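These notes concern the structure reproduced below.
Number of protein chains: 2
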Amino acid sequence: MGMQRTPLLMSTLMENGARVAPHVEIVTATASGTKVLSYQQVHARAHQLAHALAAAGVKQGDRVGTFLWNDHRHLECYHAICSMGAVLHTINIRLGTADLEYIINHAEDSVIIASADLLPVLEPIASKLGCVRKVIVAVDEGFESWQTSLPEAEDYEDFITPHPGKYDWPIIDENSPLGLCYTSGTTGHPKGVEYEHRSQYLHTFAQCMTDAMSLSGTDCIMGIVPMFHAFGWGIPFAATMLGARQVLPSRYMTPDALCRLMADEQITISAGVPTIWQGVRAIYEANPDTYDFSHLQRVTCGGSAPPPSLIEWFWKTLGVEMIQGWGMTETSPLATLSRYAMKYTDKDLSDTQRFANMAKAGQVMAGIEVEIFNESFEPLPHDGKTVGEILVRGPWICAEYYNNPQPEKFHDGWLVTGDVGMIDESQYLIINDRSKDLVKSGGEWISSVDLENHIVALEGVAQACVVAVAHPKWDERPVALVVPSAAGSVEADAVIAHCAEKFAKWQLPDDVIFVDAVPLTSTGKMDKKVVRADLQAQGYALPDLRT
Amino acid sequence: MGMQRTPLLMSTLMENGARVAPHVEIVTATASGTKVLSYQQVHARAHQLAHALAAAGVKQGDRVGTFLWNDHRHLECYHAICSMGAVLHTINIRLGTADLEYIINHAEDSVIIASADLLPVLEPIASKLGCVRKVIVAVDEGFESWQTSLPEAEDYEDFITPHPGKYDWPIIDENSPLGLCYTSGTTGHPKGVEYEHRSQYLHTFAQCMTDAMSLSGTDCIMGIVPMFHAFGWGIPFAATMLGARQVLPSRYMTPDALCRLMADEQITISAGVPTIWQGVRAIYEANPDTYDFSHLQRVTCGGSAPPPSLIEWFWKTLGVEMIQGWGMTETSPLATLSRYAMKYTDKDLSDTQRFANMAKAGQVMAGIEVEIFNESFEPLPHDGKTVGEILVRGPWICAEYYNNPQPEKFHDGWLVTGDVGMIDESQYLIINDRSKDLVKSGGEWISSVDLENHIVALEGVAQACVVAVAHPKWDERPVALVVPSAAGSVEADAVIAHCAEKFAKWQLPDDVIFVDAVPLTSTGKMDKKVVRADLQAQGYALPDLRT
């Protein structure tokens, strides 16, 4: 044994922030402004929480659910529950009651830590959560009156206050589970991804590399992506390890509230889904002198692909680099990233070429492998033209779902992602679509994402959503839902004409439907499952099939 | 098993560069200029080398010695030998024959890959290296005539040429040994540190973090620190993983040759010991218009502490950040690093305060623990005043020496570093001295490093070396050896008067001795062992003991 066999435990990394940056602030948005705690305070509170949970009977491997916004208490849960060897189950607060009932019982959460204002969401299923022994209620300013029929309800502050601010984190196997995050599929029940200490430790290191998100202890980081969505893309772990200043938006998620917080708190890097950044762009353009984003350097965008026009707008208007990331709950979640500059030869590229690269899903992170395969699982060429199913493997990639193996989602040690795409000669991954969102027309595939990105670049369009509608002759045909921008006006013919500039005739949408909004999933992505179901429920018929 | 159990193997990381940056250059200095290969070429050559070594009987776990400069062939050895599961033993070309004989036999190197011009160094002990079955000779321009009495000598190019450019790296246990590096102690034989795949994988990830060395694929990196010294501080691994442009100085190590290479190749980051950077400063100051360092952003300085005046000079004169690193062969080697900005609160510091921090050994890297202890191994306060023995632990820290356990160098899972120092309230580690280099006078300790740093800041001084000389009354007293700068002149009285501005009377050197140069160790540090021995051999007497 030449080198020490130190297990890779998240407790080691989570202790780092308070050690190096005890007085740096962790800021949570409140009804009247912000609540500011220091790393030292949050650290002590996390240790108190661990003692309180242990006293309440939580043991190593037990699942503890959180039903919380992005706030300092959620961060305390990340620190305490993972470090004490229990399993942090971050429950998606936007799920329907059927899914909530399923996942809480499937995870067998014994304790749930819930925000007071979210208790009504759980109330209809309170009697059906037999595994839940106790609920801890996190109460914010303005939400002091709460009630619940969940058992042994106790105020979070009362729960932790009696306990000491120092807990001795156990030294456990690095392959022990640390977290559980459910991903909502298109069919069947949500599936649980069980993160482990080793996987998240490595993901945290990789995320802090210069060529990944360049996270630094000098940053002021605001994660807008919910902490219940793929562990907030790892930002709570990474930021706490670095001792960076953290700003947490809590429930105050309107574009105006987010923009004010970004400006007032001098955020240097933020992270969210494209709809967040489209909202920021819209409100900034409507009020160009209201927000000072001079400290903002980078925004990370993931969940679904940002339109290239949005990437360019952030760069040209705000001088902000939009870092596109691709991944999913099953990949911890970072798998690829795209930056303004990430190769030595990038210095020779024009801005146009750089934007083209930034619009791709990105370069695979060191340590991870991404490959495209045909239906016989033979690897396909990296020529930027051949489209295949994307598979991923590596030390922070899911090996099986929690108590629900789903072998068809795994192949010979690889995760079958369900996305289809290409890899170009520069090794950029390019996502064509979710395999379920591709439009299959006359034996050929049409990418709904490509059409959306093109349509949204048209003046007067705020958002576009392309879905397949069944057709007796062609199998499926694309239809575009378009949300006009506040100021603009746009005609259906103009949308089609704009698409014809880039796409072949058979790839053009058969119809353009103007809508006020596109339904979103619980993680802020366009919910095409709902769009398709809505069209069907309305008895929608394609133009050439109307009688 | 929630996540994939991918072993952490260096083959994964070493393959990355050629994948993402096949056409980026790897440049080696030659007698007449440079030799330029692409990543793709070096990658193929490394695979050929692995095939050739396997055909020559090298198996997993076998030690292969390298006796090479920093050049592309040495990089190929890093890639091939580690990835194929053999053990890369980087032999220090500056050792004496007794040490060379000892370590080659102790490591039981079966094959040695040696530079043609270095064969004469091995020749006197050729008959004593019974373990060595074969020597591969790397021949550079100007060194075509070589001969050796070592067995089965073969030209490197002839050795690899017949073999295919694709080797299937084995999937092995991540705790398998990957490398061997001997550290020369003050007493006894050199001790071997056996690096493992897991330890170097984690070290590489940590090294590429923004708050570590900020290494990026966009960098042009020149490692001046020899690749036989603590694996070139990990740079060959990190740079190859990232696909950064690499420039290797080979044997052309004069300050002028290094400065020309840095300027011509547009280096963005380099790494070397303080004497290298003092040499660069001296030649730059003597010829201020000769070298264009406009691309240079950072230089990493380790091995021993750079004088604060040197850090400040690089920042103020060249706009270059000198990143101080502390560690040793036993720590892979990075353990702490000091940057111009590494905490959120650093933005509130003045440049003077920042330089003071940069002059400290630095902040411990995430994942590693550094602690100071008293002689009973009780942890000491982090108050910036209390001095203790520095111990380190973590996943890239040595657990025992190779076939030479030395239990007194390890305590309860910690490495006993042999350095003494303090940790301040901001958690900066401050090295006082090697415990063996402290001057013990009248029951109190005097730091030779503190005196040296102060003396070298005096106008007219190029280098200073303070050592202890035995004294019948005080036990030991400090004596300063001073190398005057080329242009300057300085008097002994001025040196003492300058020291008196900062140090107490009893801490002042008893004598100042002017010398042309200070002897250096094989790794470029001042060799105080030799200085002390030389003084003794000359019959040196302290002023108050002269008869």
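Chains as they are written, first to last, in my numbering: chain A, 1175 to 1721; chain B, 1175 to 1721.
The beta carbon of each residue, even a glycine, is placed where N, CA and C say it ideally should be.
Predicted model only: the values in this text are computed from it and were never measured.
Using a Cβ cut-off of 9 Å, pull out every chain A residue sitting near residue i, in sequence order please.
i                 : result
histidine 1403(B) : Going along chain A, no residue has its Cβ under 9 Å from histidine 1403(B), so there is no contact; the nearest lies around 18 Å.
histidine 1197(B) : Thr1519
leucine 1483(B)   : Residue identity check: residue 1483(B) is serine in the sequence provided, not leucine. Going along chain A, no residue has its Cβ under 9 Å from serine 1483(B), so there is no contact; the nearest lies around 25 Å.
serine 1444(B)    : What serine 1444(B) touches in chain A: nothing, since even the nearest Cβ is about 15 Å away.
Give me the chain B residues within the contact set of residue i, using Cβ-Cβ distance strictly less than 7 Å, ordered along the chain.
i                  : result
alanine 1530(A)    : Going along chain B, no residue has its Cβ under 7 Å from alanine 1530(A), so there is no contact; the nearest lies around 17 Å.
alanine 1540(A)    : Leu1187, Asn1190 and Met1415
methionine 1184(A) : Neighbours of methionine 1184(A) on chain B: none; closest Cβ ~11 Å, over 7 Å.
serine 1373(A)     : Met1177
If distances are taken between C-alpha atoms only, which option among the options comes closest to residue i?
i                  : options                                           : result
arginine 1425(A)   : Trp1619(A), Gly1453(A), Val1261(A) and Phe1317(A) : Phe1317(A)
alanine 1671(B)    : Glu1459(B), Asp1685(B), Pro1351(B) and Ser1659(B) : Asp1685(B)
alanine 1638(B)    : Ala1644(B), Glu1650(B) and Pro1693(B)             : Pro1693(B)
proline 1717(A)    : Asp1314(A), Val1643(A) and Ser1257(A)             : Val1643(A)
proline 1294(A)    : Glu1368(A), Asp1283(A), Tyr1276(A) and Leu1324(A) : Leu1324(A)
glutamate 1297(B)  : Asp1314(B), Gly1270(B), Ser1600(B) and Ser1284(B) : Gly1270(B)
serine 1301(A)     : Thr1202(A), Val1313(A), Leu1274(A) and Thr1392(A) : Leu1274(A)
aspartate 1347(A)  : Val1311(A), Gln1234(A), Gly1191(A) and Asp1522(A) : Gln1234(A)
arginine 1651(A)   : Glu1626(A), Glu1282(A) and Gly1616(A)             : Gly1616(A)
tryptophan 1570(B) : Gly1501(B), Ala1218(B) and Gly1207(B)             : Gly1501(B)
glycine 1231(B)    : Met1177(B), Gly1259(B) and His1246(B)             : Gly1259(B)
valine 1309(A)     : Ile1299(A), Asp1329(A) and Asp1291(A)             : Asp1329(A)
glycine 1476(A)    : Pro1400(A), Asp1522(A), Val1704(A) and Pro1429(A) : Pro1400(A)
threonine 1335(B)  : Val1261(B), Leu1432(B), Gly1397(B) and Val1216(B) : Val1216(B)
glycine 1662(B)    : Ala1460(B), Asp1283(B) and Ser1284(B)             : Ala1460(B)
arginine 1219(A)   : Trp1320(A), Lys1365(A) and Asp1332(A)             : Asp1332(A)
aspartate 1438(A)  : Thr1202(A), Lys1679(A) and Glu1282(A)             : Thr1202(A)
proline 1364(B)    : Trp1243(B), Asn1266(B), Ile1687(B) and Tyr1714(B) : Asn1266(B)
alanine 1540(B)    : Ile1345(B), Thr1449(B) and Gly1568(B)             : Gly1568(B)
proline 1423(B)    : Lys1676(B), Met1415(B) and Ser1444(B)             : Ser1444(B)
tyrosine 1458(A)   : Leu1554(A), Arg1434(A) and Asn1349(A)             : Arg1434(A)
threonine 1560(A)  : Met1383(A), Asn1606(A), Val1566(A) and Asp1525(A) : Asn1606(A)
leucine 1565(A)    : Pro1338(A), Met1427(A) and Arg1608(A)             : Arg1608(A)
Are residue i and residue j close, meaning C-beta to C-beta below 7 Å?
i                  : j                  : result
threonine 1503(A)  : threonine 1357(A)  : yes
glycine 1408(A)    : glutamine 1381(A)  : yes
alanine 1631(B)    : serine 1659(B)     : no
leucine 1726(B)    : threonine 1510(B)  : Not covered by the structure: residue 1726(B). The range shown for chain B is 1175 to 1721.
isoleucine 1597(B) : isoleucine 1546(B) : yes
methionine 1532(A) : serine 1550(A)     : no
glutamate 1368(B)  : leucine 1354(B)    : yes
threonine 1474(A)  : methionine 1387(A) : yes
glutamine 1536(A)  : valine 1194(A)     : Note on residue identity: the sequence assigns glycine, not glutamine, to residue 1536(A). The answer is no: Cβ separation not under 7 Å.
isoleucine 1278(A) : leucine 1303(A)    : yes
isoleucine 1255(A) : leucine 1249(A)    : no
serine 1483(A)     : methionine 1177(B) : no
histidine 1253(B)  : glycine 1339(B)    : no
Going along chain B in order, which residues have a C-beta closer than 9 Å to the C-beta of residue i?
i                 : result
aspartate 1385(A) : Cys1382, Leu1389, Ser1390, Gly1391, Thr1392 and Leu1416
glutamate 1495(A) : Those do not exist, as glutamate 1495(A) stays about 13 Å from chain B at its closest Cβ, beyond 9 Å.
For residue i, return the contacting residues in chain A, with the cut-off set at a CB-CB distance below 7 Å.
i                 : result
valine 1194(B)    : Lys1517, Gln1537 and Gln1601
glutamate 1282(B) : The contacting residues do not exist; glutamate 1282(B) stays about 15 Å from chain A at best.
Using a C-beta to C-beta distance shorter than 8 Å, which residues of chain A count as neighbours of residue i?
i              : result
serine 1512(B) : In chain order: nothing, as chain A lies at least about 13 Å away.
Residues, ordered as in the chain, of the segment 1547 to 1577 of chain A that lie near chain B by beta-carbon distance below 9 Å: The residues in question are Arg1567, Gly1568, Pro1569, Trp1570, Ile1571, Cys1572, Ala1573, Glu1574, Tyr1575 and Tyr1576.
Proximal residues, the segment 1515 to 1528 of chain A versus chain B, C-beta separation under 8 Å: Taking 8 Å as the upper bound on Cβ-Cβ separation, chain B lies near residues Ala1515, Met1516, Lys1517, Tyr1518, Thr1519, Asp1520 and Lys1521 of the segment 1515 to 1528 of chain A.
Contact list for the segment 1387 to 1421 of chain A against chain B, Cβ threshold 9 Å: Flagged, chain order: Met1387, Ser1388, Leu1389, Ser1390, Gly1391, Thr1392, Asp1393, Cys1394, Met1415, Leu1416, Gly1417, Ala1418 and Arg1419.
In chain order, each beta strand (DSSP E) run of at least 3 residues that lies wholly inside the segment 1657 to 1695 of chain A: Runs of the beta strand (DSSP E) inside the segment 1657 to 1695 of chain A: 1685 to 1688.
Contiguous alpha helix (DSSP H) assignments of at least 4 residues, all confined to the segment 1518 to 1575 of chain A: Whole alpha helix (DSSP H) segments, 4+ residues: 1525 to 1532.
Contact list for the segment 1196 to 1230 of chain A against chain B, Cβ threshold 8 Å: Along the segment 1196 to 1230 of chain A, going in chain order, the ones with a CB nearer than 8 Å to a CB of chain B are His1197 and Val1198.
Completely contained beta strand (DSSP E) runs for the segment 1329 to 1393 of chain B, where each covers 3 or more residues: Runs of the beta strand (DSSP E) inside the segment 1329 to 1393 of chain B: 1351 to 1357 and 1365 to 1370.
Inside the segment 1460 to 1516 of chain A only - alpha helix (DSSP H) runs reaching at least 4 residues: Whole alpha helix (DSSP H) segments, 4+ residues: 1482 to 1487.
4-residue-minimum alpha helix (DSSP H) runs that sit fully inside the segment 1177 to 1221 of chain B, ordered along the chain: As far as the segment 1177 to 1221 of chain B is concerned, its whole alpha helix (DSSP H) runs of at least 4 residues are 1184 to 1188 and 1190 to 1194.
Residues within the segment 1431 to 1458 of chain B neighbouring chain A, beta-carbon criterion of under 7 Å: Taking 7 Å as the Cβ-Cβ cut-off, the segment 1431 to 1458 of chain B has no residue approaching chain A.
Near-chain B residues of the segment 1344 to 1355 of chain A (beta-carbon distance less than 8 Å), N- to C-terminal order: From the segment 1344 to 1355 of chain A, only Asn1349 and Pro1351 have a Cβ closer than 8 Å to chain B.
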